[in-house]
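When you read off a place in the sequence shown, starting at 1, and then add 486, the result is the number in this note's numbering.
Everything below concerns the one structure shown next.
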Amino acid sequence: MHELSIAVSIVEMASQEVAKRGGGRVCALHLRLGALSGVVKEALLFSHDIACLGTPLAGSKLIIEEVPVVIYCQTCQAEHNLESIQRFACPACGEPTAEVRQGKDLEVVALEIEDAVEELLT
């Protein structure tokens, strides 16, 4: 399960970012995950909880935005959402294509950080 090593890397990167900003507790981590990323969403969610133990992300939520596969069709001269990753063909004209414009994403897009000062006030 390579999702655990991915989760550990994401947690390390986020922990470094929190330290650079002077600390705080991460409430949520937002991630874009493409259908062609090779990562299983459910396995990553499970691995996130394990990877966060003993870090500033302990107890945080992993919020995943699933990104569809978008291809470019030379025949139509247009981008289209791929209907199935089993068949790389334009849904409009049926022309096979290998030009993927979106869907390989694995990107941390935001951290929700609760400031240490706010924690002291509550």
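Beta carbons: idealized from backbone N, C-alpha and C, even for Gly.
Tell whether a beta-carbon distance below 9 Å holds between Ser533 and Glu489.
Taking 9 Å as the Cβ cut-off, Ser533 and Glu489 qualify as a contacting pair.
Measure the C-alpha to C-alpha separation of Ala564 and Tyr558 and round it to an integer number of angstroms.
C-alpha separation (whole angstroms): 6 Å.
Decide if Val595 is buried, meaning its Cβ has at least 16 other Cβ atoms within 10 Å, or exposed.
Result: exposed.
Looking at the structure shown, is Val494 part of a helix, part of a strand, or coil, going by DSSP?
Reduced to three states, the DSSP call for Val494 is helix.
Helix, strand or coil at Lys547 according to DSSP, with G and I counted as helix
Strand, per DSSP.
Please state the DSSP three-state secondary structure of Gln588.
For Gln588, the three-state secondary structure derived from DSSP is strand.
Taking the straight line between their C-alpha atoms, what separation do you get for Leu568 and Cys562?
Taking the straight line joining both Cα atoms gives about 14 Å.
Let me confirm a value: Cys538 is counted as buried when at least 16 other C-beta atoms fall within 10 Å, else exposed. Which label applies?
Around the beta carbon of Cys538, a 10 Å sphere encloses 16 or more other beta carbons of the protein chains shown; the residue is thus reported as buried.
On the criterion of 16 or more Cβ atoms from any shown chain inside 10 Å, does Pro635 qualify as buried, or is it exposed?
Past the boundaries of the shown model lies residue 635; the chain is included only from 487 to 608, so the question cannot be answered.
In three-state DSSP terms, what is Val512?
Three-state result, Val512: strand.
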